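The opening position of the sequence shown corresponds to residue 46 in our numbering, with each subsequent residue numbered one higher.
Using N, Cα and C, we set each Cβ at its ideal position, and we do this for glycine too.
Values in this document were obtained by computation on a predicted structure and should not be read as measured data.
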Amino acid sequence: MKKIYQLSTDEILKELGTSNQGLSTEEASKRLSTNGKNKLDEAKKRHFILRFLDQFKDFMVIVLLVAAAISFIAAILENKMTETFEGVLILAIVVINALLGLMQEAKAEKALESIKKMSAPHATVIRDGKEVVLDVEDIVVGDIIVLQAGDYIPADVRIIQSVNLKADESALTGEPVPVEKITDAIHKDEVPLGDRVNLGFMSTVVTYGRGLAVVTSVGMQTEIGKIAEMLSNTETEETPLQKSIAQLGKTLAIIAFIIVGVIFAIQIITALVKGVSPDWLEAFMSSVALAVAAIPEGLPAIITIVLSLGMTNLVKQRAIMRTLPAVETLGSTSIICSDKTGTLTQNVMTITDTYLYQQNDKVSDLKSVEGSLKKLVDFGVLCNDTKVRVKDDKFLKIGDPTEIALTDLAINTGFNPLDILANFPRVHELPFDSNRKLMTTVHEIDGKFVSITKGAPDIVLSRSVSYEVNGHVETINDKVSNVYLTENNNMADRALRVLAVAYKVFDKNTDITKLLHTELENDLTMLGLVGMIDPARPEVKDAIVETKRAGITTIMITGDHKNTAVAIATELGILENGHLAITGKELDQMSDEEFDAKLSQIRVYARVSPENKVRIVTAWKKTGLIVAMTGDGVNDAPSIKKADIGIAMGITGTEVAKGAADMILTDDNFATIVGAVSEGRAIFANIKKAIHFLLSCNIGEIVTILLGVTLGLALFPNVENLVILSAVQILWVNLVTDSFMAIAIGLDPKEPDIMNYPPRDNSKSIFADGLGFRIGWQGIMIGSLTFAAFFIGYNIAPADHELIHAQTLTFMVLSISQLFHSFNVRSEKYSIFQLKPNKYLIMAFFGCLALQLVTVFVPAIAENVFKVDDVHYWRFIDWMVVIGLSITPLVVVEIQKLIKRFLNK
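Okay, structure coming up:
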């Protein structure tokens, strides 16, 4: 059975049961009711409650919910409902954390909505032999669509009439140059989507000419619909941070179980040693209470806050993140698969080279434009259908990208195209024709008629009998023709699109309108060539250098031609010696084994399909690396969704691409991605610092409790039911002192060399590279110092006041030592005096210190809430003990860093 593009116009009309007069209203109504509306299936928005519940999926949050439940159960079993405070507090933290995450994601969606563009809701259709305007949703297979410049094509169609019809299909195929449409059948079996030039596709745009087309597919049956279907079948995967936090939650849960077991066992053994009958329930519940208190309740909220602040910073850098975890995933990126057009390039066809006989100029190097070169600039503006107007002192241009480039050449060399058009009015024209491959306009210049012809260099040369050199006209010969053709080939080798401009002079008395194209477009005088390309963005080259330094590989994936892709990739430094560039067709011919073997060498993929892009992303993901994929078209959406980080363009991006993405670039710039990766790395580094701080502090609390229950009987034999720290005191330190400090740590300035290292290995634990060891020994140090405070406080306390005085000093040292310890985690190698100051950390330090002092300076709070001595019981020696022990962690870690720097010299 023949494919649609293989059928003639008569055959396709017969196949679809329609005619040039269109469908009858009755028949169209039947088809609409049978086949449904011409629209894509939209993903249903998840209800607010379901999105709120999504925030509770993290294992760490589940651990906290279990901890809260245990607190409630313990209070109920012991009939102490006043002690449900801890459970209520944990629940409040979890709910606030969920609301924070939900609000930030909703904020991102709102920002995304603000940059959405309206799509064309209507189309002109022939029904019952008359033109009518319909909602695009009411279009059916068999409808005849009227197309003209500026129209969106409302469905997949077969072109049945074309008058210089061109369409921009970059959103679907990635091809940046408008495609010239034909009506002839294509007699090939397998034709890539971008080469089916007798078809039009939903959501592509007519840029030039006019025509008629018959609708062949609507809604989900269109090429865009098939891509939308691919999107719906792509599963969302966990981000590296989500995996790390889940692992952390499991580790903390295991530690909590161990604490319960150890403390419970010690309490039972202690009771038996004392010859007392153990209270099994009391021992179990007190063990559970301390274990719950030792879990860093504020960690999920702190991570959410740090990610939210990172999200806000990224918006300032022109990147909108749609989900919180994706903020950090950016920092793990090892592979960036980037679309070419508009991301690596400017998405503006630009003339970079001009050529007059034996005079080759780079436009960027031109000092003056005069003589034949000025004529070439003028003629490029005149033989041109670009619509130009001025608004707010800027030229606004509408037209074919190639013709706009000719207009821009005049503007960029200091000339006003409107003046040129006004000085040399058009009196006649021969529009571009796909058979002639030429366009000609006639103008009145210096009292004569001058026809200006532009087109493919070989065709223009074949019709030229002379050429202009240094303002003089000479007869052309084979040698001269070869010079022009050689220059044409040189430009083409650099992936430039080349146009030739020629002219012919007629006497003013000639009746120009009666001349045939054979008279206007033969015996021409060759003027020159222009070479144009969609040039690389100037800032991208530096961004590519930065990605290499950061251990990130950039891959170019484009629907454009291979030679163009190779030229741009080579210029940017993406394609270097030893690297490969292949086409989608070549990729299709490779087995998975062959592709995997060559994957690391391939840096450029050209003329690729959406399926090719998904295959490329999938292959890189199989290596275990984090993959980012950028794009703007509908054809990019499946691979954007498949990637670990999907990135869509905010300006030129289609709504389908934006909907599939994790990040939206509001400036469509590759350099913004690199800046965002840097920000992502800084965010993860700060989250690691916060985890380092919180866990070492919590281990300090656990060590303090363990030392109390293990050494308490030997060191304090006269104290019954020894409690070194109460659950309320530990909860205060965790939620108030630690949490504010951890948030401030999360705002630590980005280290200047953060992009000088390769991406982290996501297969490694969050505790890898010595972090687990540092957390452990620093936590043990804090716990030992805190227990020392209890021991000293007990022994220097006034008579009959030993226990409460010891608990007071213990509570103060635990809290204040952790405040000082916060400065240790800012860097594992640099001294605090070598780092850029963190004003938020300094503010948090003094704020938390003030709050901690309130617990002893306000008698009512000291006695009734925390059960400690108020300031009236304090002596000078007590302050010396607290200050001396509290500052010790900072001094010890600074000495350790100094030794480490000395040994690494």
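Extent of the continuous beta strand (DSSP E) run through Leu859: Where Leu859 is concerned, there is no enclosing beta strand (DSSP E), although the alpha helix (DSSP H) it sits in stretches over Glu847 to His866.
In the structure shown, what three-state DSSP assignment does Lys586 receive? helix
So does the region 638-657 actually touch the region 617-629, counting three or more Cβ pairs closer than 8 Å? yes
In this structure, what does DSSP give as the bridge partners for Lys439? Lys436
Taking the Cβ atom as the reference point for each residue, do Thr717 and Arg367 lie within a distance shorter than 9 Å? With respect to Arg367, Thr717 sits apart: the two C-beta atoms are not nearer than 9 Å.
By alpha-carbon positions, which one of Ala310, Gly821, Glu448 and Leu389 ends up nearest to Ile602? Cα-wise, what sits closest to Ile602 is Leu389.
Cβ contact (3+ pairs, closer than 8 Å) linking the region 449-466 and the region 400-407: No contact exists between the region 449-466 and the region 400-407.
When every heavy atom of the ligand MG is checked, does at least one fall within less than 8 Å of the C-beta of Ser262? The ligand MG is absent from the structure shown, which contains no ligands of any kind.
Rounded C-beta distance between Lys82 and Glu182? I'm assuming under 8 Å. 4 Å
Out of Ser507, Val435 and Thr54, which has the shortest C-alpha to C-alpha gap to Thr563? Comparing Cα-Cα distances from Thr563 to each of Ser507, Val435 and Thr54, the minimum goes to Ser507.
As assigned by DSSP and simplified to three states, the class of Leu157: At Leu157 the pLDDT is 44, less than 50, meaning the model places this residue with poor confidence and gives no usable figure here.
Counting Cβ pairs closer than 8 Å, one from the region 903-920 and one from the region 772-790, do we hit at least three? They touch, by the three-pair rule.
Span of the beta strand (DSSP E), counted from its first residue to its last, around Asp213: Asp201 to Asp213
How many Å lie between Thr3 and Ala581 at the Cα? Lying before the first or after the last residue shown, residue 3 is absent from the chain, which here runs from 46 to 950.
Thinking C-alpha only, which one of Lys319, Phe309, Pro904 and Val191 is nearest Ala258? Val191
Please give me, in chain order, every unbroken run of the alpha helix (DSSP H) with length at least 4 that falls completely inside the region 799-853. 816-841
I'd like to know whether the C-beta atoms of Glu72 and Gly174 end up nearer to each other than 9 Å. no
So Ile790 and Asn731 are supposed to be a Cβ contact under 8 Å. How far apart are they, rounded? 6 Å
Chain-order list of residues whose beta-carbon lies under 8 Å from that of Pro323 (same chain, five-residue window excluded): Gln312, Ile313, Ala316 and Leu317
I believe Thr782 touches Leu864 by the beta-carbon criterion, under 8 Å. Please report the beta-carbon distance rounded to the nearest angstrom. 7 Å
Run through DSSP, which three-state label would Ser164 get? In this predicted model, Ser164 has a pLDDT of only 39, less than 50, meaning its place in the structure is not dependable enough to derive any value.
Measuring only the C-alpha atoms, how far is Asp713 from Gly306? 56 Å
Thinking Glu532 and Leu574 are a contact (beta carbons under 8 Å), I'd like their distance in whole angstroms, please. 6 Å
Tell me whether Ile118 sits in a helix, a strand or coil according to DSSP, three-state version. helix
Under 7 Å Cβ to Cβ from Phe785, same chain only, skipping five residues before and after it: list those, please. Hits under 7 Å: Ala889, Gly892 and Cys893.
Within 10 Å of its beta-carbon, does Ile887 have 16 or more other beta-carbons around it, so buried, or fewer, so exposed? exposed
Alpha-carbon spacing of Arg594 relative to Leu179, whole angstroms: 55 Å
Hey, would you say Gly951 sits closer than 9 Å to Ile198, going by beta carbons? An answer regarding residue 951 cannot be provided, because it is not within the stretch 46 to 950 covered by the chain.
For Met674, which residues from the same chain have a beta carbon less than 6 Å from its beta carbon, with the 5 sequence-adjacent residues on both sides left out? Cys382, Val662, Ser684, Ile685, Ala688 and Gly691
Taking the runs of the beta strand (DSSP E) that are 3 residues or longer, which of them lie wholly in the region 349-427? DSSP runs (the beta strand (DSSP E)) wholly in the region 349-427: 364-366, 378-384, 395-401 and 404-407.
State the beta-bridge partners of Leu710 as determined by DSSP. Ala364 and Met694
If I follow the unbroken beta strand (DSSP E) through His517, where does it start and stop? His517 to Thr520
Pull up the distance between the alpha-carbon of Leu463 and that of Val550, whole angstroms please. 23 Å
Can you give the beta carbon distance from Thr395 to Asp453, rounded, assuming they're within the 8 Å contact cut? The beta carbons of Thr395 and Asp453 sit about 7 Å from each other, so the pair counts as a contact at 8 Å.
Specify the secondary structure class of Ser64 as computed by DSSP and reduced to three states. coil
From Ile380 to Arg805, what distance separates their C-alpha atoms? Those two C-alpha atoms are separated by around 12 Å.
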